[in-house]
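Number of protein chains: 2
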Amino acid sequence: MSSSRLDPWVDSYAQRTNGMQASEIRALFAVASRPEVVSLAGGMPFVQALDMEMMAETVSKLLLERGAVALQYGSGQGDVFLREQILDVMAEVKVTAHPDDIIVTTGSQMALDLVTRVFCNPGDVVLVEAPSYVGALGVFRAYECDVVHVPMDDEGLNPIALAEAIARVRAEGKTVKMIYTIPSFHNPAGITQSQVRRAEILAVAKSAGILLLEDDPYGLLGFEGEPPAAIRSLDEEGVIYLGSFSKTIASGLRVGWAVAPHGVREKLVLAAESAVLCPSNYSQLTISQYLATQPWREQIKTYQELYRERRDALLESLELLMPAGTTWTKPAGGFYSWVTLPEGLDSKAMLPRAVSQLVAYVPGTGFYVNGDGHHNMRLSYCYPEPERIREGVRRLAAVIEGELGIAATFGTTVGLRKSDGHESPAPNLA
Amino acid sequence: MSSSRLDPWVDSYAQRTNGMQASEIRALFAVASRPEVVSLAGGMPFVQALDMEMMAETVSKLLLERGAVALQYGSGQGDVFLREQILDVMAEVKVTAHPDDIIVTTGSQMALDLVTRVFCNPGDVVLVEAPSYVGALGVFRAYECDVVHVPMDDEGLNPIALAEAIARVRAEGKTVKMIYTIPSFHNPAGITQSQVRRAEILAVAKSAGILLLEDDPYGLLGFEGEPPAAIRSLDEEGVIYLGSFSKTIASGLRVGWAVAPHGVREKLVLAAESAVLCPSNYSQLTISQYLATQPWREQIKTYQELYRERRDALLESLELLMPAGTTWTKPAGGFYSWVTLPEGLDSKAMLPRAVSQLVAYVPGTGFYVNGDGHHNMRLSYCYPEPERIREGVRRLAAVIEGELGIAATFGTTVGLRKSDGHESPAPNLA
């Protein structure tokens, strides 16, 4: 983002600010948030599905009964009773832990920041999926990490490619600090690792002595059967597990957590105290009161059904309307499908035309640090109603048809517009 | 903090974790939080003074009317309407700004973290008062800054000493990135800069081309006359101003803010998005609703009167009970008085004895990075009722008398117990 005003401090910034870049597409998203645009871009949960009268009563009761605690500073590690309740939530993905292993954070984004802060020196390598969560890439870049993508297949992160990447990076004399993975209902790829795959990935990490950072905001939002067992359920010392209430209760509360091996957890608490003193008691106790007094498993079922219906609307209309040569993943949960465009099309170059046709998505380049993703886009089905999703896909299909016409005339649209593959996270990409 | 369990990741941590240290006195504070102990240690605001029924109604109304916004992700910079309301709050300390100059943070601690993240490379110098806020020292150390203390006098940070420190540090070939100051009702010193002094400090910073970081959590909590005008009211480009609702409304909401020059503010927003995506809409809109519908200036008056009564209780009983040779500052607002013990006494060595006599304070060493502060302690009067404060001072006076007896026998108590001057922030020291 350039400024027309002169910045008198331009020569004073820390080295690390070079890794903090504004998204080129941010301005476009301001346009995309207009009500006439069907946004398949944002990752906003549909919190309207919460019963607001119930929420109001829950919070009223909290403030009348424990207001002096809810409105006071709390522990840097997080409320101890909430940490016990988090154990119940994680039991759904087969994680067992002790409340003392948990640190509550201002959203799991903050847990990502703290883990990176505690482990990564500038130049340390973090291995991530190709593609990977834009907000995690932003954190790794902000700490001047060297981010290396590892290919995925239909079962997620490929363990053979992972082992090869570790060997290659180490042969270059670099230190691999972490493997970052989203095993369930991947953002943005919409892929879920099989249980066999999880064990294979863990085995590679363990045998290389590399920490596995498991990010699991969507784990409880599967559309069929039991939630997948987390990798953390297989191993305690080698995995940091990140969880969040943003998608299962409400994102505006900003409450997530990390489960970490004992020594790591101690460091994370020190880092958290430095970063924010303590997470909000108000948000934490709101969630705690909600979990203690409301049928939260039923609420998660409501969310599952809502998102399944929207996933179905997306997949059906993609099937019906997308031009030949377009492919997409079929998510079994979560918020996202990952689309690959026909040969010769560029998702980022196409975005302004899409927005002018009143549909928005996130171009694939945002999910890579290396300029890949030009042929991809992330479609979110979490927020718009099913009928709006169908309308959005209809508009998008028309835009792609139009681009195909241009490509047929000029050979390709790639490179017709500037596009350097660097994006930074923005809340609407969460 | 040492762990009995072996940490398999002990060789993997980032260099910066060396700057993250657990407080040696943390264990003692666990004891000190027992109800029979009079704690003059913590900086917890007395949020019980809020009308909890009013708070419950305010939040109910918010959730029923705007629940879908309050519980959703928001902007990384913070809610735009709250940012406008913050202008009204800052008008009390004569700061004028544009809402776009403001970034809302998870408590002003997070603003401290972000400013340091954006400006400081390892080894950069930050000049701070002697003593300074323990949570700020923790942040500067976590970013591997070289913290240099500058003496205060009765009017606060000494501008001549400041200019000398800048010259000395620069002569050593080091880069001074910031001057960190708490001009009003200083934590822990209980001193307030005169308006003349503020202009002098600003002039030194400007002529050296060094950024001034003005931390003002207590500015509205003065006990007589108008709130002091902030340094930021004198200059826009050279000052970052940090404000907070933690002491004027409630700390458990974790809402603070920074006002920064335009180019800096852009960088802070990018850093904030990487750190937490966005501040909590739930907390922000709670405050916004409160400011819009409740007489918040009256609430601040209530807090002022409450804290003045407690300050009076503290100063009166110190006057009445403290042994000769003990001195203390007389705060005109805020939460703290800074005590200097008689020659030969060590506040940290004395703390276990004080806690065993059921009174707690924060030893002065926590507010220095260089081992100074052995003869000092911070006394907080914000949380206990006046009668408890008097009882606490009575116990403390007896402990000091006892230490004086030991010192008379053995010469001094300094060094009788290990004490290396390194403390890290903990929420109860806020």
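Sequence order for the protein chains is W and Z.
Residues in the first sequence are numbered consecutively from 4, following the numbering used here.
Residues in the second sequence are numbered consecutively from 4, following the numbering used here.
Note that the Cβ used here is the ideal one computed from N, Cα and C, for glycine as well.
Close beta carbons around residue i, own chain, < 7 Å, minus the five adjacent residues each side
i: W:GLY328; result: PRO345 and GLU346
i: W:SER5; result: With a pLDDT of 45 at W:SER5, under the threshold of 50, the modelled position of this residue cannot be trusted; read the value that follows with caution. Contacts found: none.
i: Z:GLU240; result: PRO264
i: W:ILE290; result: LEU85, PHE248, ILE252, LEU256 and VAL258
i: Z:ALA168; result: LEU130, VAL151 and VAL153
Endpoints, beta strand (DSSP E) assigned at residue i
i: Z:PRO186; result: That residue, Z:PRO186, is in no beta strand (DSSP E); it is neither H nor E in DSSP.
i: W:ASN379; result: 379-383
i: W:ILE243; result: 242-247
i: Z:GLY259; result: 259-262
i: Z:ILE2; result: A question about residue 2 of chain Z goes unanswered here, because the residues of chain Z that appear run from 4 up to 433.
Sequence-distant residues of its chain with Cβ nearer than 6 Å to residue i (five each side left out)
i: W:ARG200; result: GLU158 and GLY159
i: W:SER236; result: LYS97 and VAL98
i: W:TYR339; result: ASN190, PRO191, GLY193, ARG381 and SER383
i: Z:GLU414; result: Residue 414 of chain Z is actually Gly in this sequence, not Glu. If we look at Z:GLY414 and ignore the five residues flanking it on each side, it has no Cβ neighbours.
i: W:GLN18; result: none
i: W:THR343; result: THR330, HIS378 and ASN379
i: Z:LEU43; result: TYR364, LEU382, SER383 and GLY395
i: Z:GLN402; result: First, the residue type needs correcting, since residue 402 of chain Z is Val and not Gln in the sequence shown. Only ARG356, ALA357 and GLN360 meet the Cβ criterion.
i: Z:ALA316; result: PRO389, ILE392 and ARG393
i: Z:ASN431; result: For Z:ASN431, the predicted structure reports a pLDDT of 42, less than 50, and the residue's modelled location is therefore unreliable. The matter cannot be settled from this model.
Beta-carbon contacts of residue i that lie in its chain and below 8 Å, excluding the five residues immediately before and after
i: Z:ASP375; result: ALA133, PRO134, HIS152, GLY367, THR368 and GLY424
i: Z:ASN161; result: VAL153, PRO154 and MET155
i: Z:LEU419; result: The predicted model places Z:LEU419 with a pLDDT of 48, which falls under 50 and marks its position as unreliable; any figure quoted below should be read in that light. ASP349, ALA352 and PHE413.
i: W:ARG391; result: VAL41
Pair within 8 Å by beta-carbon distance, residue i and residue j
i: Z:GLY77; j: W:GLY46; result: no
i: Z:ALA436; j: Z:LEU324; result: As displayed, chain Z neither begins before 4 nor continues past 433, which places residue 436 of chain Z out of reach and without an answer.
i: Z:GLU312; j: Z:PRO389; result: yes
i: W:SER350; j: W:ASN373; result: no
i: W:ILE409; j: W:VAL262; result: no
i: Z:LEU31; j: Z:PRO387; result: no
i: Z:PRO1; j: Z:CYS385; result: Because chain Z here runs from 4 to 433, residue 1 of chain Z falls outside it and cannot be looked at.
i: Z:GLY259; j: Z:THR108; result: yes
i: Z:ILE234; j: Z:LEU205; result: yes
i: W:VAL129; j: W:ALA166; result: no
i: Z:ASP10; j: W:GLY266; result: yes
i: Z:GLN292; j: Z:LEU65; result: yes
i: W:LYS270; j: W:VAL121; result: yes
i: W:LEU214; j: Z:TRP12; result: yes
i: Z:ALA253; j: W:LEU67; result: no
i: Z:TYR183; j: Z:VAL131; result: yes
i: W:PRO102; j: W:VAL72; result: no
i: W:CYS123; j: W:LYS177; result: no
i: W:ASP219; j: W:SER197; result: no
Of the residues the options, the one placed nearest residue i, counting alpha carbons only
i: W:ALA295; options: W:ARG19, W:MET58, W:ALA211 and W:ARG37; result: W:MET58
i: Z:GLY79; options: Z:TYR183, Z:ARG268 and Z:VAL172; result: Z:ARG268
i: W:VAL242; options: W:PRO282, W:PRO264 and W:TYR136; result: W:PRO264
i: Z:GLY216; options: Z:ALA206, Z:VAL207 and Z:ILE185; result: Gly is not the amino acid found at residue 216 of chain Z; the sequence shown has Leu there. It is Z:ILE185 whose Cα lies nearest to the Cα of Z:LEU216.
i: W:GLU56; options: Z:SER63, Z:ALA202, Z:ALA357 and Z:GLY405; result: Z:SER63
i: W:ALA145; options: W:ASP218, W:LEU9 and W:PRO125; result: W:PRO125
i: Z:GLY110; options: Z:VAL34, Z:GLU60, Z:ALA208 and Z:SER283; result: Z:SER283
i: W:ASP149; options: W:ALA202, W:ASP127 and W:GLU68; result: W:ASP127
i: W:TYR371; options: W:ASP14, W:SER26 and W:ASP10; result: W:SER26
i: W:ILE303; options: W:SER36, W:SER15, W:LEU53 and W:GLY22; result: W:LEU53
i: W:THR412; options: W:VAL131, W:LEU348, W:PHE188 and W:VAL365; result: W:LEU348
i: Z:GLN88; options: Z:TYR285, Z:GLU301 and Z:PHE248; result: Z:PHE248
i: Z:ALA94; options: Z:GLY246, Z:ALA164 and Z:ARG314; result: Z:GLY246
i: W:ALA100; options: W:ARG257, W:LYS209, W:ASP238 and W:GLY212; result: W:ASP238
i: W:GLN297; options: W:THR61, W:VAL50 and W:ARG29; result: W:THR61
First and last residue of the uninterrupted alpha helix (DSSP H) at residue i
i: Z:ALA145; result: 137-145
i: Z:LEU309; result: 299-324
i: W:PRO1; result: Nothing can be reported for residue 1 of chain W, as the shown portion of chain W is limited to 4 through 433.
i: W:ALA357; result: 350-359
i: Z:VAL272; result: 265-279
At least three beta-carbon pairs within less than 8 Å, the stretch 266-277 of chain Z to the stretch 112-132 of chain Z: yes
Stretch pair the stretch 192-207 of chain W + the stretch 330-344 of chain W: three plus CB contacts closer than 8 Å: yes
Segment contact, 8 Å Cβ cut-off, at least three pairs: the stretch 382-401 of chain W with the stretch 350-368 of chain W: yes
Three CB pairs or more closer than 8 Å across the stretch 221-230 of chain Z and the stretch 300-307 of chain Z: yes
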